[in-house]
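Working notes, beginning with the structure itself.
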Amino acid sequence: MSGPAASIHEEALVRPLSGFRPKLFFGSLVTGLLVAVLFYSWGYQIVNDIGVAGINRPVFWGFYIVNFVFWIGISHAGTLISAILRVTQAEWRRPVTRCAEAITTFALMIGGLFPLIHLGRPWIFWYMIPLPNERGIWPNFRSPLMWDVLAITTYLMGSILYLLLPMIPDFAIIRDKRLREYPKGLKTLFFRVAALGWRGTPQQWFSLEAGIKAMAVVIIPVAVSVHTIVSWDFAMAIQPMWHSTIFGPYFVVGAIYSGVAVLMVAMYLLRKGLGIHEYLSDKVFNNLGLMFLAFAMLWSYFTFAEHLTVWYGNEHAERAVFDGRITGEFSGFFWTMIIVNTVIPLLILPWPKGRKPLGTAIVGLGVLVGMWIERYLIVVGTLSTPRLEYTQGFYTPSWVEIGILVGSVGLFGFLYFAFLQLAPIVSLWEVREGEHLTHRAFAAEQALRAGREGASHG
Amino acid sequence: MADGRLHAVFARAADARAALQRLGQDGVAPENVEVRSSVPLEHDVVPVGATIKSRIPWTSLAGATVGGTAFFLMVKLTSEAYPLPTGGQPIVGLPPAGVITFEGVAIGAVLTTVATVLFECGLPGWLKKPGPLDHHIALDHILVSVKCDEGASTAWTAHAVETARG
Amino acid sequence: MTRWGMAIDTDRCTGCGACAVACHAENNIQTVGEVEAARGRAMHWMRIERYYEGVFPDVKVRFQPVLCQQCGHAPCEPVCPVYATYRTPEGLNAMVYARCIGTRYCANNCPYTTRYFNWFAPEFDAPLERQLNPSVSVRPAGVMEKCTFCVQRIQDAQEVAAQEEREVRDGEIKTACSQSCPAQAITFGDLDDPESLVALLARTERTTHLLEDLSTEPSVIYLRGGR
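Quick mapping for you: the protein sequence lines, in order, are chains U, G and D. Each number in the working numbering corresponds to the 1-based position in the first sequence with 14 added. Each number in the working numbering corresponds to the 1-based position in the second sequence with 330 added. Each number in the working numbering corresponds to the 1-based position in the third sequence with 83 added.
Structural data, given as structure tokens:
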């Protein structure tokens, strides 16, 4: 029978929640400055009109939409992966789910920001929200952008709740600890409020676990629908190399691929920064690395299938875009993408030594760059080569767009640093539960063995 | 016992289970017994006579149905209220309406699931006062507390203290 | 029913650009200046595309005036999330500036690239601001715009005809581009009226549509290859 599983390692998880932590403070400061860059650039654009961005005719969509697709892709790191692992009852998921779900929530918030940044008149974005009004303004539900609005709202709402629900018992653990240590502290009050008065009775545990299971089942199709709909923003248009039936699954695979990549990088940094290698162990990296490898192969397969179809079909307008990628002005981007997304992962990840934390994190960084390039090729590559050759264009981003891209990375970091100081990055109760299960299984096996031995001796 | 309750802390689930069974034998009503832990316990570590059940996933399914219907009607009724033809498509196109209905199903399921969890758990319950031994729960112990306004079984008290020490 | 259409005789077109200038004057289109134009932001609802046929030195230039094709199955319309563009009962691809929030999705989905975006608020160098057409609104920054088939002229003519209790006569409405074309290459009229000149031209063997294989059902007809 098992005893308490609250091990001494837990201290490393709870430590960032109190006191002054120089690393976290410094991180928040640097990323906070980048957030300032983001809002300065965006404010400058709102005051001086959308023309300060580098987009033009025919490249009506530029960095903003690339970033939008990129961040929404990143958001498939957490909720989807954690839901799949929960549904399949993969035991090694326990230390991973929380930090992955946090990535989803923050990446989704930033991704959802970009369509607003991108609007010509962002102050009337609410025309897209179905609010009854006297002006006869109502959204057109035939537009893929409206599907986007609804899908991202659903996913964001689901992800936030899916992140918060399993956090309640952890908040209660910290509340109970702090009520004894610093009963009057402001942060104690925060944890008291956040724990919602959780008591941990059998009924509460039963309902919570049933709820988490149901949420996991719902959230998987939602995540798939979100990136499918993002891809339909392109595939519903009749532009060359956008109007493709493969785009839905292709984007979903790409999204999960970039999601695993960012998870690899984030886990490596967390492990180094917080010293929690007992939780984010080599085994976790190895298992996620295998998943990473699978998606590297899937993504490469889809990319090949997509380009082969276009090349073989040899349709005039599509060939123009295709040639731009393979040999033309975008070839530098294209082949970089192939190297970092296909060649390097397939060279490193098949080997157990390549699936160590550092290896996967380096591959992950490369894949993040590669997946950003993929979206750049899709958006700008097609738009700069329209069907009527006379209107061919080009695109150079302005400082505003670069500032907003850099700032969005900063905003992500800033939110993550804040999160590290407000909640344990590894789910305390889920890890404890896992340890209990291991003990129980071990005890049961011992009892069985003892029984067998007793029988053979008697 | 300042709050009129008797608390006992157990390190192992088996001891808590034995204590709960003892309480049941002594005829203590399940609503007067509270088991608290920082992890989900085995399903038999509950007060004797207490029923543990959840209406999930039935409420989730109901929420999904309501959400899907609501979103479909929103698309259909509003499109017919503003019948603007675009791109030669029908006023109520079924495929787009299907996409939106799907999201409605998900929103409905998610919201009702969370609402059910909160309702069944009695959350938020900020008004409940923290007990004197709550920090033991945080250390992965199991806390069993008994409401003893009628004078709790002294035999049980002795048993609980013994097992907690052991 | 009325279905407005236009026939452009590319064999007659000399590429002079008078149509583009007239369009600017009639529809209060902003002139963006050379810096912005070099960045690919020039706005000409009617533009003359030049295509070269043959190999140097035996090169022939073809001119192709391109404007919004007012498609029957317009790809731009259903993608707008706020109904800022839709199809009117008279077959026009209407643009509601007040609704537009500037997603620019419509422009991306236009295979003819005939939609133009106001990247900045319009400025008219003096004295151009004195010749603004009072029948046409000046579009603010962040709004999409495109050829309207001079809808203000259509409405004027319809009002006059309604007061005189008669139908609009063929040839009564002239768009700014067709009015100013010295080669009379542009004919505007009702495609559903079998007697109209534009319907007559549409029935000739020289009729083609731009990017016909996309089945957008354009209302603009190009006539070529007569001689």
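All residues carry an ideal CB built from backbone N, CA and C; glycine is no exception.
Of the listed residues the options, nearest to residue i (C-alpha basis)
| i | options | result |
| --- | --- | --- |
| U/ILE182 | U/LEU127, U/TRP212, U/ILE174 | U/TRP212 |
| G/VAL343 | G/PRO370, G/LEU457, G/ALA400, G/ALA427 | Strictly speaking, residue 343 of chain G in this sequence is Ala, with Val absent from that position. Ranking G/PRO370, G/LEU457, G/ALA400, G/ALA427 by Cα distance to G/ALA343 puts G/PRO370 first. |
| U/GLY380 | U/VAL274, U/ASN147, U/GLU332, U/VAL420 | U/VAL274 |
| U/ILE234 | U/VAL414, U/HIS291, U/PRO129, U/ALA165 | U/ALA165 |
| D/CYS106 | D/CYS183, D/ALA90, D/ILE131, D/ARG95 | D/ILE131 |
| D/ASN176 | D/ILE184, D/CYS193, D/THR186 | D/CYS193 |
| U/HIS241 | U/TRP161, U/LEU302, U/SER412 | U/TRP161 |
| U/LEU94 | U/VAL83, U/ASN81, U/ILE79, U/VAL110 | U/VAL110 |
| D/THR260 | D/VAL226, D/TYR180, D/VAL149, D/ARG170 | Note that residue 260 of chain D corresponds to Cys in the displayed sequence, not to Thr. Closest by alpha carbon: D/VAL149. |
| D/ARG170 | D/ALA268, D/LEU306, D/SER302, D/ARG307 | D/SER302 |
| U/LEU130 | U/ILE60, U/VAL66, U/GLN217 | U/ILE60 |
| G/VAL358 | G/ALA341, G/VAL378, G/PRO425 | G/VAL378 |
| G/VAL339 | G/LEU353, G/VAL365, G/ASP356 | G/VAL365 |
| U/GLU447 | U/TRP219, U/ILE243, U/PRO263 | U/TRP219 |
| D/LEU306 | D/GLU300, D/LEU297, D/LEU294, D/THR287 | D/THR287 |
Assigned secondary structure, residue i (DSSP; H/G/I helix, E/B strand, else coil)
| i | result |
| --- | --- |
| G/GLY496 | Only weak support exists for where G/GLY496 lies, its pLDDT of 45 falling under 50; the value from the coordinates is given anyway. Correct three-state label for G/GLY496: coil. |
| D/MET227 | strand |
| D/ASN110 | coil |
| D/ILE312 | No information on residue 312 of chain D is available, as it lies outside the stretch 84 to 310 that chain D covers here. |
| D/PHE200 | strand |
| U/ILE418 | helix |
| D/GLU242 | helix |
| D/ILE91 | strand |
| D/ASN176 | strand |
| U/PRO364 | coil |
| U/TYR196 | coil |
| D/THR168 | strand |
| G/VAL365 | strand |
| D/TYR305 | strand |
| D/THR97 | coil |
| U/GLU467 | helix |
Range covered by the alpha helix (DSSP H) that runs through residue i
| i | result |
| --- | --- |
| U/ARG100 | 93-101 |
| U/MET171 | 158-178 |
| G/PHE449 | 424-451 |
| U/MET351 | 345-352 |
| G/ALA411 | 388-411 |
| G/HIS337 | G/HIS337 -> not in any alpha helix (DSSP H); beta strand (DSSP E) instead, spanning 335-340. |
| U/GLY287 | 261-288 |
| U/VAL80 | 77-88 |
Boundaries (first-last residue) of the beta strand (DSSP E) holding residue i
| i | result |
| --- | --- |
| D/PRO60 | Missing from the structure shown is residue 60 of chain D; chain D here goes from 84 to 310 and no further. |
| D/ILE131 | 130-136 |
| G/SER475 | 472-477 |
| D/PHE271 | 269-273 |
Buried/exposed call for residue i, threshold 16 Cβ in 10 Å
| i | result |
| --- | --- |
| U/PRO366 | exposed |
| G/ALA332 | The pLDDT assigned to G/ALA332 is 49, lower than 50, so where the model puts this residue is not dependable, and the model offers no usable value. |
| G/GLY393 | buried |
| U/TRP152 | buried |
| G/PRO387 | buried |
| D/ASP312 | Given that chain D is displayed from residue 84 to residue 310, the structure contains no residue 312 of chain D and the question cannot be resolved. |
| U/TRP463 | The sequence as given places Arg at residue 463 of chain U; Trp does not occur at that position. Flag for U/ARG463 reads exposed. |
| D/LYS143 | exposed |
| D/GLU109 | buried |
| D/ALA121 | exposed |
| U/VAL135 | Per the sequence presented here, residue 135 of chain U reads as Arg, with Val not at that position. Buried, since its Cβ has 16 or more Cβ neighbours within 10 Å. |
| D/GLN113 | buried |
| D/PRO172 | exposed |
Q: Please name the residues in the region 198-218 of chain U whose beta-carbon is closer than 8 Å to at least one beta-carbon of chain G, in chain order.
A: Residues are counted here when their Cβ sits less than 8 Å from a Cβ of chain G; for the region 198-218 of chain U these are ARG206, VAL207, LEU210, GLY211, TRP212, ARG213, GLY214, THR215, PRO216, GLN217, GLN218, given in chain order.
Q. Quick one, which residues of the region 121-144 of chain U are near chain G if we go by CB-CB under 8 Å, in chain order?
A. Along the region 121-144 of chain U, the positions whose C-beta sits under 8 Å from a C-beta of chain G are PRO144, read in chain order.
Q.
Please list, in chain order, the residues of the region 64-87 of chain U that have any C-beta partner in chain D closer than 7 Å.
A. Taken in chain order, the members of the region 64-87 of chain U whose beta-carbon sits within less than 7 Å of a beta-carbon on chain D are ILE64, GLY65, ASN70, ARG71, PRO72, PHE74, TRP75.
(Q) Residues of the region 202-218 of chain D in Cβ contact with chain U at a cutoff of 7 Å, in chain order, please. (A) Flagged, chain order: TRP202, PHE203, ALA204.
(Q) Beta carbons nearer than 9 Å to chain U: which residues of the region 146-173 of chain D have them? (A) Listed in sequence order: GLN147, VAL149, PRO158, GLU160, PRO161, VAL162, CYS163, PRO164, VAL165, TYR166, ALA167, TYR169.
Q. Along the region 395-406 of chain G, what residues have a CB closer than 7 Å to any CB found in chain U?
A. Per Cβ criterion, the list reads MET404, VAL405.
Q | Residues, ordered as in the chain, of the region 233-255 of chain U that lie near chain D by beta-carbon distance below 7 Å | A | Here the close residues are MET250, ALA251, ILE252, GLN253.
Q | Within 8 Å of chain D by C-beta, residues of the region 156-187 of chain U in sequence order | A | Residues of the region 156-187 of chain U with a C-beta less than 8 Å from any C-beta of chain D: ARG156, SER157, PRO158, LEU159, MET160, VAL163, listed in chain order.
Q: Can you give me, in chain order, the residues of the region 329-363 of chain U that have a beta carbon less than 9 Å from any beta carbon in chain D?
A: Residues ALA331.
Q | Residues, ordered as in the chain, of the region 411-430 of chain G that lie near chain D by beta-carbon distance below 9 Å | A | Of all residues in the region 411-430 of chain G, the ones placed with a Cβ closer than 9 Å to any Cβ belonging to chain D are TYR412, LEU414, PRO415, THR416, GLY417, GLY418, GLN419, GLY423, PRO426, in chain order.
Q. In the region 362-394 of chain U, which residues sit with their C-beta less than 8 Å from some C-beta in chain D, listed in chain order?
A. For the region 362-394 of chain U, the beta-carbon criterion of a distance under 8 Å to any beta-carbon of chain D is satisfied by none of its residues.
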